[in-house]
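These notes are about the structure you will find just below.
Residue numbers (this note's numbering): -11 to 97.
Below, the structure written as structure tokens:
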């Protein structure tokens, strides 16, 4: 498991990712994190920005990583209510870096 502390707005949040992250994401949201993140990374690489309709994925990824680090955090709505609307998109690069570092680590034999 890879853990890091990321400042979201004015709060320090511990986030974690591991081989369990895609399973937790699927359990929480019924979606495939690999396809969703690959789409974001592709679009961001082409345009330099994340489209508005993909920002929800960043919110869900942030929540999933925080929940992975601390299973006792509140449900998503309550957790997100502590942040301003742009706090999580501002940390997208850090979340993607954490995600990429874990996936690189997992794919190495």
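Where a beta carbon is used, it is the ideal one built from N, C-alpha and C, also for glycine.
With respect to the alpha helix (DSSP H) encompassing residue i, which residues constitute its N-terminal and C-terminal limits?
{"i": "residue 64", "result": "64 to 68"}
{"i": "residue 10", "result": "9 to 17"}
{"i": "residue 75", "result": "75 to 78"}
{"i": "residue 29", "result": "21 to 35"}
So the beta strand (DSSP E) residue i belongs to, where does it begin and stop?
{"i": "residue -10", "result": "-10 to -4"}
{"i": "residue 54", "result": "Looking at the DSSP string, residue 54 is not in any beta strand (DSSP E); the run it does join, the alpha helix (DSSP H), is 43 to 57."}
{"i": "residue 4", "result": "-1 to 5"}
What's the C-alpha gap between residue i and residue j?
{"i": "residue 73", "j": "residue 28", "result": "19 Å"}
{"i": "residue 31", "j": "residue 38", "result": "7 Å"}
Between the options, which lies nearest to residue i when the distance is taken from Cα to Cα?
{"i": "residue 83", "options": "0, 4 and 37", "result": "4"}
{"i": "residue 80", "options": "17, 63, 16 and 25", "result": "25"}
Should residue i be labelled buried (16 or more other beta-carbon atoms within 10 Å of its own) or exposed?
{"i": "residue -9", "result": "exposed"}
{"i": "residue 65", "result": "exposed"}
Please work out which residues of its chain come closer than 6 Å, Cβ to Cβ, to residue i, disregarding the five sequence neighbours upstream and downstream, and give them in chain order.
{"i": "residue 55", "result": "61"}
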